[in-house]
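Asks: Those protein sequence lines, which keep their order, are chains A and B. Each residue of the first sequence is one higher than the one before, starting from 1 at the first, in my numbering. Each residue of the second sequence is one higher than the one before, starting from 319 at the first, in my numbering. Even glycine gets a Cβ: it sits at the ideal position worked out from N, Cα and C. Shown below is the structure under consideration.
There are 2 protein chains.
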Amino acid sequence: EIDGVLGIGGGQGSAVCSHAMRQLPVGFPKVLVSTKVAQAGAGAYVGTRDILVLPSVADIAGLNRLTKRVLSNAAGAIVGMVEGEAPQEEVRPVVTMSMLGTTTACGLRLKELLEGEGFEVVVFHAIGVGGKAMEEFIKESGAEGVIELAVNEIGNELFGGKASAGPQRMEVAGALGIPQLITPGNADFINFLSIETVPPHYRDRKLHRHNPQATTMRLNREEMEVLGRTLADKLNKASGPVKVIIPRKGFSSWDREGGIFFDPQADEGFIRALREQLSGEVELKVVDLHINDPAFAQVLFGEFKALMGRVPKKSTRR
Amino acid sequence: EIDGVLGIGGGQGSAVCSHAMRQLPVGFPKVLVSTKVAQAGAGAYVGTRDILVLPSVADIAGLNRLTKRVLSNAAGAIVGMVEGEAPQEEVRPVVTMSMLGTTTACGLRLKELLEGEGFEVVVFHAIGVGGKAMEEFIKESGAEGVIELAVNEIGNELFGGKASAGPQRMEVAGALGIPQLITPGNADFINFLSIETVPPHYRDRKLHRHNPQATTMRLNREEMEVLGRTLADKLNKASGPVKVIIPRKGFSSWDREGGIFFDPQADEGFIRALREQLSGEVELKVVDLHINDPAFAQVLFGEFKALMGRVPKKSTRR
Numbered sequence: 001e002i003d004g005v006l007g008i009g010g011g012q013g014s015a016v017c018s019h020a021m022r023q024l025p026v027g028f029p030k031v032l033v034s035t036k037v038a039q040a041g042a043g044a045y046v047g048t049r050d051i052l053v054l055p056s057v058a059d060i061a062g063l064n065r066l067t068k069r070v071l072s073n074a075a076g077a078i079v080g081m082v083e084g085e086a087p088q089e090e091v092r093p094v095v096t097m098s099m100l101g102t103t104t105a106c107g108l109r110l111k112e113l114l115e116g117e118g119f120e121v122v123v124f125h126a127i128g129v130g131g132k133a134m135e136e137f138i139k140e141s142g143a144e145g146v147i148e149l150a151v152n153e154i155g156n157e158l159f160g161g162k163a164s165a166g167p168q169r170m171e172v173a174g175a176l177g178i179p180q181l182i183t184p185g186n187a188d189f190i191n192f193l194s195i196e197t198v199p200p201h202y203r204d205r206k207l208h209r210h211n212p213q214a215t216t217m218r219l220n221r222e223e224m225e226v227l228g229r230t231l232a233d234k235l236n237k238a239s240g241p242v243k244v245i246i247p248r249k250g251f252s253s254w255d256r257e258g259g260i261f262f263d264p265q266a267d268e269g270f271i272r273a274l275r276e277q278l279s280g281e282v283e284l285k286v287v288d289l290h291i292n293d294p295a296f297a298q299v300l301f302g303e304f305k306a307l308m309g310r311v312p313k314k315s316t317r318r
Numbered sequence: 319e320i321d322g323v324l325g326i327g328g329g330q331g332s333a334v335c336s337h338a339m340r341q342l343p344v345g346f347p348k349v350l351v352s353t354k355v356a357q358a359g360a361g362a363y364v365g366t367r368d369i370l371v372l373p374s375v376a377d378i379a380g381l382n383r384l385t386k387r388v389l390s391n392a393a394g395a396i397v398g399m400v401e402g403e404a405p406q407e408e409v410r411p412v413v414t415m416s417m418l419g420t421t422t423a424c425g426l427r428l429k430e431l432l433e434g435e436g437f438e439v440v441v442f443h444a445i446g447v448g449g450k451a452m453e454e455f456i457k458e459s460g461a462e463g464v465i466e467l468a469v470n471e472i473g474n475e476l477f478g479g480k481a482s483a484g485p486q487r488m489e490v491a492g493a494l495g496i497p498q499l500i501t502p503g504n505a506d507f508i509n510f511l512s513i514e515t516v517p518p519h520y521r522d523r524k525l526h527r528h529n530p531q532a533t534t535m536r537l538n539r540e541e542m543e544v545l546g547r548t549l550a551d552k553l554n555k556a557s558g559p560v561k562v563i564i565p566r567k568g569f570s571s572w573d574r575e576g577g578i579f580f581d582p583q584a585d586e587g588f589i590r591a592l593r594e595q596l597s598g599e600v601e602l603k604v605v606d607l608h609i610n611d612p613a614f615a616q617v618l619f620g621e622f623k624a625l626m627g628r629v630p631k632k633s634t635r636r
């Protein structure tokens, strides 16, 4: 029986170790000591998993005062994780939720309401790897309901942003028949990193430098229409129940009257394209609120309870 | 008394935690749980330090089955490191050595010879962050001698490669008066990552795709001359003894007869520029060997012992 994994490697070795570790579930103790991670970055090695990455600082060329300290800490870390007390297993029915800072006000309010009803809520950060981790969680760890407050990863995939979660994003829950409550949270923009990562053909677009490592771009009406149709195609494939609830007054904290990304015409294009393309199986409601209005979280809560068809009882799923 | 540090953060929080952690020495237990590291990469957060980075997978928005597992592991890791047995303190005099795969044959042979004489050898990987870590180690942890088998970081700084260790590389030991044995290991090339990271004005140069994340470029004669003069300027500033030993038959495993980077004229330009610019204080020897010839490691060993003026005894330095 294996309780934990410790890997040590340079460039090639880190890649090999990481590949093996990424097959293991979240929570399984895994430590990777790597000579390369400080240069190459962790993204390539951790993927969507909780791999503890420890830069070796010195080269792994024999034992010396530096490598002894680093390797001793790696050993301590894996032993500490394996011997540590496992967290108590949750027995509440679990709901996954995507969100970004721009829809956090809605997300935290809705989360509180759901927890008050006995749901457990697992939130994922919609920056690409977050959406991927959410899809994996839905598949592997089980989720009884899915709420999307961030669909920007779809736009990123379509229009070349840096926060794509791959072409299958928002299709896993549908394939598994899991109930989905969808809002177009953050549909108004796609993500880049530093301003230099914005491709030349987008340089004259409406850009927002949120911080040195986060630049966002407003999607225009034409792009919003493509996004609407793409979203509809994904939801039409779902084998479980799907509801789409649209906050007409804006999709993110930047997309509201007076906000830097406010563009009701582009948003209307999205709504129209989505409505035209959606099959009759999918319910669509437009609400005259902004996504971060407290009343909108309340609407979502009511719709979600109706979608689930019950006030949840204790789940036996683990 | 603080025995370890555990930090948890998103983009901003990770940056703040990381800044504090990087003030702590190598070996001091530090764990950073970060929502951003899987996207942004670890490089920005770990710097030259052994910070254990744990991607949070889910957003840190309350406790749930995922965040409980991840945070429980983080707690286990820091406790395991703090409670783990500290490695025995080394008491041998320590020598730092820079190297890359292309000079490893020389490095490992020389390391063995030095260890046989009672030295402890700490090797750093010359990929930029490695050279920076070496300079910090020389300053903070103490080194009684410095051996350079990799000067490619200087060329990277001069010519826009991706493995620069900053403009002060190879100046710390000189400022502290620590004896230095210098070879032009890997002087023949500079480093890029994937082939796309090579700037357009270098696209028609002699490039070598070592692996998908490592492309190197042969420096031409003119650049080698600039490198020689720059190196001389750095060494001329040293307040301690410096010896430069040059293997005329090639500076890396790629720079030898029949090798992809073999270019004796460019190397001669480097040697001439270096010799012309070096002050009389710095000893320079040209040896008719390749850097990875076993006899060259033997030459370096003899020169280093002479430079240190003694067969080392037990050091009290810690």
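Considering just the uninterrupted stretch of the beta strand (DSSP E) at K30 (chain A), what are its terminal residues?
Replies: Counting from one through the first sequence, the residue named residue 30 (chain A) turns up at place 30. Note, K30 (chain A): beta strand (DSSP E), K30 to S34.
Asks: Buried or exposed: where does G546 (chain B) fall if 16 or more other Cβ atoms within 10 Å of its Cβ makes it buried?
Replies: Counted from its first residue, the second sequence places residue 546 (chain B) at position 228. Per the 10 Å Cβ criterion, buried.
Asks: Per the DSSP calculation, T414 (chain B) is bridged to which residue(s)?
Replies: Sequence index remark: in the second sequence, residue 414 (chain B) carries index 96 (1-based). Answer is B:V440 and B:V464.
Asks: Where do the N-terminal and C-terminal ends of the alpha helix (DSSP H) with G329 (chain B) fall, by residue?
Replies: Walking along the second sequence from the start, residue 329 (chain B) turns up at place 11. Taken as a continuous stretch (DSSP letters only), the alpha helix (DSSP H) holding G329 (chain B) covers G329 to M339.
Asks: Compare the C-beta of P87 (chain A) with all C-beta atoms of chain B and state if any pair is closer than 8 Å.
Replies: For the purposes of this step, residue 87 (chain A) is taken as residue 87 along the first sequence, with counting starting at 1. So yes, P87 (chain A) belongs to the interface.
Asks: With 8 Å as the threshold, decide whether the Cβ of T35 (chain A) is near any Cβ in chain B.
Replies: As a position in the first sequence, residue 35 (chain A) is number 35, starting the count at 1. Answer yes: the Cβ-Cβ gap between T35 (chain A) and chain B drops below 8 Å somewhere.
Asks: Cβ of Y363 (chain B) within 8 Å of Cβ of S352 (chain B)?
Replies: For this step, residue 363 (chain B) is matched to residue 45 along the second sequence. For this step, residue 352 (chain B) is matched to residue 34 along the second sequence. Yes, they are a contact pair.
Asks: Please say whether L231 (chain A) and V151 (chain A) have beta carbons closer to each other than 8 Å?
Replies: Looking up residue 151 (chain A) in the first sequence gives position 151. Looking up residue 231 (chain A) in the first sequence gives position 231. Taking 8 Å as the Cβ cut-off, V151 (chain A) and L231 (chain A) qualify as a contacting pair.
Asks: What residues in its chain sit with their C-beta under 6 Å from that of L235 (chain A), if we drop five residues either side in the sequence?
Replies: The residue you call residue 235 (chain A) lines up with position 235 of the first sequence. V242 and V282.
Asks: Go through its chain and collect everything with a Cβ distance to S482 (chain B)'s Cβ below 8 Å, but skip five positions before and after it.
Replies: Indexing the second sequence from 1 puts residue 482 (chain B) at position 164. Once the five neighbours on either side are set aside, the close Cβ partners of S482 (chain B) are G446, E471, N474 and E475.
Asks: In this structure, how does DSSP classify R218 (chain A) when only helix, strand and coil are distinguished?
Replies: Along the first sequence, read from residue 1 onward, the residue named residue 218 (chain A) stands at position 218. R218 (chain A): strand per DSSP, three-state reduction.
Asks: With a floor of 4 residues, list each alpha helix (DSSP H) that falls wholly inside the segment 145-175 of chain A, ordered by position along the chain.
Replies: For the segment 145-175 of chain A, whole alpha helix (DSSP H) runs of length 4 or above, ordered along the chain, are 152-159.
Asks: Please list the partners that T48 (chain A) has in chain B, where partner means a Cβ-to-Cβ separation under 9 Å.
Replies: In the first sequence, counting from the first residue as 1, residue 48 (chain A) sits at position 48. Within chain B, the residues near T48 (chain A) are A356, P373 and V375.
Asks: Going by the CB atoms, is the gap between D321 (chain B) and V643 (chain B) shorter than 8 Å?
Replies: With chain B covering only 319 through 636, there is no way to say anything about residue 643 (chain B).
Asks: Among A:G185, A:L300 and A:G174, which has the Cα closest to the Cα of A126 (chain A)?
Replies: Numbered from 1 along the first sequence, position 126 holds the residue referred to as residue 126 (chain A). Residue A:G185 is the option with its Cα nearest to A126 (chain A).
Asks: From D377 (chain B) to F124 (chain A), what does the alpha carbon distance come to, in whole angstroms?
Replies: The sequence position of residue 377 (chain B) within the second sequence is 59, counting from 1. The sequence position of residue 124 (chain A) within the first sequence is 124, counting from 1. Their Cα atoms are separated by approximately 5 Å.
Asks: Using beta carbons (cut-off 8 Å, strictly below), is V464 (chain B) in contact with chain A?
Replies: Locating residue 464 (chain B) in the second sequence gives position 146, counting from the first residue. No, V464 (chain B) lies away from the interface with chain A (no Cβ there is under 8 Å from its Cβ).
Asks: Please state the DSSP three-state secondary structure of P565 (chain B).
Replies: Position 247 of the second sequence, counted from the first residue, corresponds to residue 565 (chain B). Note: P565 (chain B) maps to strand in three-state DSSP.
Asks: If the cut is a Cβ gap below 9 Å, which residues of chain A does K555 (chain B) touch?
Replies: For this step, residue 555 (chain B) is matched to residue 237 along the second sequence. Ordered by position in chain A, no residue passes the 9 Å Cβ test against K555 (chain B), which lies about 26 Å from the chain.
Asks: Report yes or no: do the segment 446-459 of chain B and the segment 486-502 of chain B share at least 3 C-beta pairs separated by less than 8 Å?
Replies: Result yes; three or more Cβ-Cβ pairs closer than 8 Å.
Asks: In whole angstroms, give me the CA-to-CA distance for H322 (chain A) and L181 (chain A).
Replies: Lying outside 1 to 318, the shown extent of chain A, residue 322 (chain A) is not represented and no answer is given.
Asks: For L193 (chain A) versus T215 (chain A), is the C-beta distance shorter than 8 Å?
Replies: Residue 193 (chain A) sits at position 193 when you count from the first residue of the first sequence. Residue 215 (chain A) sits at position 215 when you count from the first residue of the first sequence. In this structure, T215 (chain A) lies closer than 8 Å to L193 (chain A) by Cβ.
Asks: Step through the CB atoms of chain A and report whether any lies within less than 8 Å of the CB of P347 (chain B).
Replies: For the purposes of this step, residue 347 (chain B) is taken as the residue at position 29 of the second sequence. Yes, contact with chain A.
Asks: Using C-beta distances below 6 Å, list every residue in its chain close to A238 (chain A), excluding the 5 sequence neighbours before and after it, in chain order.
Replies: Position 238 of the first sequence holds residue 238 (chain A). Taken in chain order, the residues that qualify are G174.
Asks: By the three-class DSSP mapping on this structure, what secondary structure does G267 (chain B) have?
Replies: Since the displayed chain B opens at 319 and closes at 636, residue 267 (chain B) lies outside it and no answer follows.
Asks: Tell me whether A77 (chain A) is buried or exposed, calling it buried when 16 or more other Cβ atoms sit within 10 Å of its Cβ.
Replies: For this step, residue 77 (chain A) is matched to residue 77 along the first sequence. With 16 or more other Cβ atoms within 10 Å, it is buried.
Asks: Going by CA-CA distance only, name the one from A:S98, A:T96, A:P87 and A:R69 that's closest to G402 (chain B).
Replies: Start at 1 with the first residue of the second sequence, and residue 402 (chain B) comes out as number 84. Closest by alpha carbon: A:R69.
Asks: Can you pull the DSSP bridge partners for N509 (chain B)?
Replies: Position 191 of the second sequence, counted from the start, is the residue given in the question as residue 509 (chain B). B:T534, per the DSSP bridge assignment.
Asks: Between the segment 615-622 of chain B and the segment 567-585 of chain B, do three or more beta carbon pairs fall short of 8 Å?
Replies: No, the segment 615-622 of chain B is not in contact with the segment 567-585 of chain B.
Asks: So, with DSSP's three-state summary, where would you put K457 (chain B)?
Replies: Here residue 457 (chain B) corresponds to residue number 139 of the second sequence, with the count starting at 1. Three-state result, K457 (chain B): helix.
Asks: Who are the neighbours of V439 (chain B) on chain A, taking C-beta pairs under 9 Å?
Replies: Reading the second sequence from its first residue, position 121 is the one you call residue 439 (chain B). Ordered by position in chain A, the residues that pass the 9 Å Cβ test against V439 (chain B) are A61, G62 and N64.
Asks: Assign Q282 (chain B) to one of two classes, buried (16 or more other C-beta atoms within 10 Å of its C-beta) or exposed (fewer than that).
Replies: Because chain B here runs from 319 to 636, residue 282 (chain B) falls outside it and cannot be looked at.
Asks: Any C-beta of chain A sitting closer than 8 Å to the C-beta of Q486 (chain B)?
Replies: The residue you call residue 486 (chain B) lines up with position 168 of the second sequence. Taking Cβ atoms only, chain A never reaches closer than 8 Å to Q486 (chain B), which makes this a no.
Asks: For M224 (chain A), decide whether its Cβ has a neighbour in chain B, counting only Cβ atoms nearer than 8 Å.
Replies: Indexing the first sequence from 1 puts residue 224 (chain A) at position 224. Closer than 8 Å: no.
Asks: In the DSSP assignment, find the unbroken alpha helix (DSSP H) run with E430 (chain B) in it and report its ends.
Replies: As a first step, residue 430 (chain B) must be located in the second sequence, where it is residue number 112. It spans T422 to G434 - the alpha helix (DSSP H) in which E430 (chain B) sits, taken as one unbroken run.
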